[in-house]
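Read through the structure below, which is laid out as C-alpha cells, and then see the notes.
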Ligand SMILES: Cc1ncc(CN)c(N)n1
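Printed below as a string of C-alpha cells:
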C-alpha cells in the first residue's frame with residue numbers, strides 16, 4: 056500500500072468488504088433505527104452485548120496502558136470513564152430491566168468469539184492491534200446509527216442505543232480512533248500492516264455475525 060495516497064483506516068475498511076457494508080446496513084441494525092426490532096429481539100441482543108461491553112471496557116484499559124503517548128491515552132481514559140460509569144452502564148441496566156433481560160445470560164458462540172478476540176488483544180498489549188479492534192467496534196456502530204432518520208423511535212431502548220452511537224462526541228471519538236490507525240499505519244512495515252488487517256478483518260466479521268445472531 057502507498058500509505059501517502061490513502062488513509063490506512065480506509066485501506067483496512069475497503070479490504071473488509073462485503074462484510075463492512077453488511078454490518079452497517081444490517082437488517083437488525085436497521086430494525087433498531089426504525090424501532091421495528093421487537094422487545095424480545097432487543098432483549099436477546101442486549102443480553103449478549105452487555106457481555107461484549109465488559110471485554111470492550113477492559114480493552115479500553117489496555118489502550119490507556121499501551122498507547123505510545125500521553126495525548127493518545129487521554130481520549131481512551133475519558134471514554135472509558137463514560138462507558139464504565141455512566142451511559143452504557145446505566146443504559147444496559149435500565150433497558151434490560153424494562154425488557155426482563157438478564158445481565159448474566161449464557162453467552163452465544165459469537166459473543167464468546169468476540170470476547171476472545173478482545174481479550175487476546177488486551178493481553179498482548181500491542182497498541183495497533185488494540186486500536187484495530189476498538190476502531191471496528193465504534194466505526195461500524197457509527198455507520199449504522201448514522202443511517203437513522205428523524206423522528207427516532209419513541210422507545211428509549213431503541214432511541215438511546217442509536218443516540219449513544221451517533222452525534223458530535225461519538226463522531227469525534229471515531230475520528231480519533233481512525234486518526235490513530237492512520238498515524239500508526241505510516242510507521243508499520245508490510246508485515247505490521249498485514250497483522251493489523253488480520254485483526255481488523257476478524258473484528259468486522261464478528262460484528263456481522265453478532266447482528267446475524269440477533270436476527271436469528
Ligand atoms: C457487538 C458490539 N460492537 C460494537 C459496539 C459499540 N460499542 C457494541 N456495543 N457492541
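In the working numbering, the protein residues as written are 56 to 271. Every residue gets a Cβ at the ideal spot worked out from N, C-alpha and C, and that includes glycine.
Just curious, the alpha helix (DSSP H) that residue i is in, first and last residue?
i           : result
residue 183 : 182-200
residue 258 : 245-270
residue 29  : Residue 29 lies beyond the stretch modelled for the chain, which goes from 56 to 271, so this question has no answer here.
residue 80  : Note, residue 80: premise wrong, no alpha helix (DSSP H); not H, not E.
residue 227 : 223-242
residue 164 : 164-179
residue 94  : 94-121
residue 213 : 211-218
residue 158 : Run containing residue 158: none; DSSP gives neither H nor E here.
residue 126 : 125-140
Could you check which residue in the options has the C-alpha nearest to that of residue i?
i           : options               : result
residue 247 : 184, 197, 218 and 224 : 184
residue 63  : 243, 257 and 211      : 243
residue 153 : 175, 110, 113 and 93  : 93
residue 238 : 110, 124, 69 and 111  : 124
residue 139 : 265, 214 and 110      : 110
residue 197 : 167, 216, 69 and 96   : 216
residue 171 : 107, 126 and 266      : 107
residue 249 : 61, 70 and 77         : 70
Can you name, in chain order, every residue of its own chain whose Cβ lies under 7 angstroms from the Cβ of residue i, other than the five neighbours on each side?
i           : result
residue 156 : 98, 101 and 102
residue 264 : 165
residue 193 : 228, 229 and 232
residue 96  : 269
residue 77  : 263
Just the C-alpha distance for residue i and residue j, rounded to the nearest angstrom, thanks.
i           : j           : result
residue 257 : residue 67  : 12 angstroms
residue 271 : residue 150 : 20 angstroms
residue 268 : residue 205 : 27 angstroms
residue 200 : residue 87  : 9 angstroms
residue 195 : residue 75  : 7 angstroms
residue 144 : residue 254 : 27 angstroms
residue 225 : residue 245 : 31 angstroms
residue 169 : residue 211 : 26 angstroms
residue 72  : residue 261 : 13 angstroms
residue 259 : residue 167 : 15 angstroms
residue 130 : residue 240 : 19 angstroms
residue 115 : residue 126 : 15 angstroms
residue 266 : residue 85  : 10 angstroms
residue 61  : residue 234 : 12 angstroms
Please list, in chain order, all residues of the same chain as residue i whose beta carbon is under 8 angstroms from its beta carbon, the five residues on each side excluded.
i           : result
residue 113 : 173, 174 and 177
residue 142 : 219
Here's a check: name, in chain order, each residue in its chain whose Cβ is nearer than 6 angstroms to the Cβ of residue i, leaving out the five neighbours to either side.
i           : result
residue 236 : 63, 64, 186 and 190
residue 147 : 105
residue 251 : 183 and 187
residue 128 : 119 and 122
residue 208 : 90 and 214
residue 203 : 88 and 217
Is residue i near ligand 2, judged by its Cβ being under 7 angstroms from some heavy atom?
i           : result
residue 146 : Ligands in the displayed structure: ligand 1; ligand 2 is not one of them.
Quiz item: Taking contact to mean at least 3 C-beta pairs separated by less than 8 angstroms, is the stretch 79-94 in contact with the stretch 122-140?
Solution: At 8 angstroms Cβ cutoff, the stretches do not touch.
Quiz item: Touch check for the stretch 175-183 and the stretch 109-128: three-plus C-beta pairs under 8 angstroms?
Solution: Yes: the two stretches touch, three or more of their Cβ pairs being nearer than 8 angstroms.
Self-check item: the stretch 155-174 contacting the stretch 218-234, beta-carbon criterion three pairs below 8 angstroms
Solution: At 8 angstroms Cβ cutoff, the stretches do not touch.
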